[in-house]
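Our numbering puts the first residue of the sequence shown at 11, with every later residue one more than the last. Glycine included, every Cβ here is placed at the ideal spot set by N, Cα and C. Fair warning: this is a prediction, and the values are worked out from it, not measured in the lab.
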Amino acid sequence: MTLPLLPDECFSDILSFLDNKSLYKCLFVNRFYCKLSIPIIWKEPFRPIFVKPKFPLVINTLLICLNDKEISSLIPYKIDFPISQSPLFDYGKFIRMIDQDFVKQNIITWLNPSNAIEGYDVDKYQDYRVQKLMDVIYHMIMRQGSNLQKFNLNVFQSDFYIDLPKFSTFMTFNPGITDLKSLNMEIDLEHNNDIGCQNTIEFLSTIPTFCHNIINCDLWIFKLNSTFVKPFLDIIRLQPLERLLICIVNIEENAKNIINTLEFRSETLKELLFECLDFQHIDLSFISNLECLEQLKFIYCKGFVSHHYEVLSNKKFQLKELKLWHSGLDDFYDRFESNDIKLNVIEEMIHLLGDKSLYKLSLNVVTLETIKMVKLYCSNITFLHIKIFSGQSLVSIIPIICELSSLKILNIQIGSYRVNSSLLVKTLGDYLTSIQSLFFDFFIDLSSFEYFTNNCKANIEKFIVPNNESLRVGYLLCLNNYQKIHNSLKVLGIEDGFDLNDDELELIDSLKNQDISIVPTSQLLKLFY
């Protein structure tokens, strides 16, 4: 009996798991595989230029898709076109993600391929042809029916800024940006310096009412022209955002205005990230009104005061993920208070924001009291990422962490040379009994590592070998002995980019023979963050 053929959608889903190198090979299998691979390859064609001369080929391919009118508009600019040929596909319609900065880089490199090899600063490159090519390429992409899902925009203070095309380019053709889901904006523009970005301002001013499906938004604000404030507020107010990242550096007044607008997202926002904000004069009571909030992250933020946990005390949170990553910590030993970190406030925030629903926690204010709060109010966490700056109470802190019965993934970093890494690792070896994935993101001497592998009772399944080339053979030998006893390791991450010697290769073969997959560290890192 002949099995029914899979629908094209199923084949496309399978191919989507392949990397670009494998997808390009699929182009030459047959027309069917080619037809399914092209939309995946062209989903995000614009990549950063890192001295890779092949990237201008993207521009070549797009230029042969221009129609007569678009070609005519370029004739006065004396641009050398690729040899005319009919494209096999309407490549523009497959594009789903555009990064404006990468488009500019690709165009400049296409105009000057020899300079791309020699290296130059594309942000300081000036050529009237760049803007015209930008306008025509966007027009062609929209005309061919692109359904843009994600758009990245970088507006910076420079005499060489390349503006977006007029907004009419985005609204004339369907679907265009009507189904835009993700918008990432990075603004570094001072007051009264917006002459060269009028189309960008029009774009951001029109987006809030023209689009209706933006659920993901990143705001990276370093210097802010007042012209951009209202568009930002309107995007938050009118779009059904489910995820929002706000990074505002030293712009207190605008930070307050933007954060106050979050009340409009009380019924949609699930993930909220703050980066580099000073909350000392910002009211956090709005968080209590975010009914759907599941993930809350404070990344390199500061200014947490007693008023913050007081206004949050009336709400019972049901967060799934919490990150409290305080700014300013850099080898400060145990002097948290002198660094304007109020430990009692951090402890209370763990108390109020933690709950049995919480399964993922990241914390860089690690003291005996904060870890006690974690055990008391975050007892069901399966993931813990900590960065330790204080060497005090390690022998008390580590056993408490090891008592977290639900913990499956543990990532430990050290942020100060005063933290005794040897004591930390040996204490873990004595107390750790149940963990599946472990990452020591710091230097470990070989004797301490050997002690850990000889004494650890946990059956570890995924582990990243410490990144020290001179000690790697010793680490591998310890892990080989550990596996012979525990037979639990399934995946081992090893830093790639180094040549392995014969002894290391022999140990790796021994580990592979014990059913362990050896992968580059980069493939495992996402698990620990």
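- The beta carbon of Phe284 sits closer than 6 Å to those of Ile256, Phe308, Cys311, all from its chain and outside the five residues before and after it, given in chain order.
- In this structure, the beta-carbon distance from Ser432 to Asp455 falls below 7 Å.
- Your pair Gln159 and Asp100 does not check out as a contact, with CB atoms roughly 18 Å apart and the cut at 8 Å.
- Each residue's CA atom was taken as its position, placing Glu252 and Arg275 some 8 Å apart.
- Going by C-alpha positions, Cys227 is about 16 Å away from Asn270.
- Going by DSSP, Gln110 is part of no beta strand (DSSP E) but of the alpha helix (DSSP H) stretching over 110–121.
- In this chain, the alpha helix (DSSP H) harbouring Lys79 covers 78–84.
- For Thr179 against Met152, the beta-carbon gap comes to about 6 Å, under 8 Å, which counts as contact.
- For the segment 295–336, the full-length alpha helix (DSSP H) segments reaching 4 residues or more read 316–322 along the chain.
- Counting every other CB atom within 10 Å of its CB across the protein chains shown gives Val165 a total of 16 or more, marking it as buried.
- Nearest Cα to Leu442 within the set Ile292, Pro49, Leu417: Leu417.
- Within the segment 388–444, the complete alpha helix (DSSP H) segments at least 4 residues long are 404–412, 431–441, listed from N- to C-terminus.
- Per DSSP, the continuous alpha helix (DSSP H) segment holding Ser458 begins and ends at 456–465.
- Looking at the backbone, the Cα of Glu273 and that of Asn299 are separated by about 7 Å.
- For Phe473, no alpha helix (DSSP H) segment is defined; the enclosing uninterrupted segment is the beta strand (DSSP E) at 472–474.
- Of the candidates Leu363, Arg41, Ile231, the residue whose Cα lies closest to the Cα of Leu294 is Leu363.
- Counting every other CB atom within 10 Å of its CB across the protein chains shown gives Pro55 a total of 16 or more, marking it as buried.
- Thr219 sits away from Pro250, with the two beta carbons spaced by 7 Å or more.
- Arg482 counts as buried, since at least 16 other C-beta atoms from the protein chains shown sit within 10 angstroms of its C-beta.
- The Cβ atoms of Ser447 and Leu371 do not sit closer than 7 Å to each other.
- The beta carbons of Tyr148 and Cys207 sit no closer together than 7 Å.
- Rounded to the nearest whole angstrom, the CA to CA distance from Val321 to Val355 is 12 Å.
- The alpha carbon of Leu46 has as its nearest neighbour, out of Asp509, Leu143, Ile24, the alpha carbon of Ile24.
- A residue is called buried when at least 16 other Cβ atoms come within 10 angstroms of its Cβ; Ile495 does not meet this threshold and is exposed.
- A direct Cα-to-Cα measurement between Ser480 and Ile105 gives close to 46 Å.
- A distance below 6 Å between beta-carbons, with the five flanking residues on each side excluded, links Phe213 to the following residues of its chain, in chain order: Leu174, Phe177.
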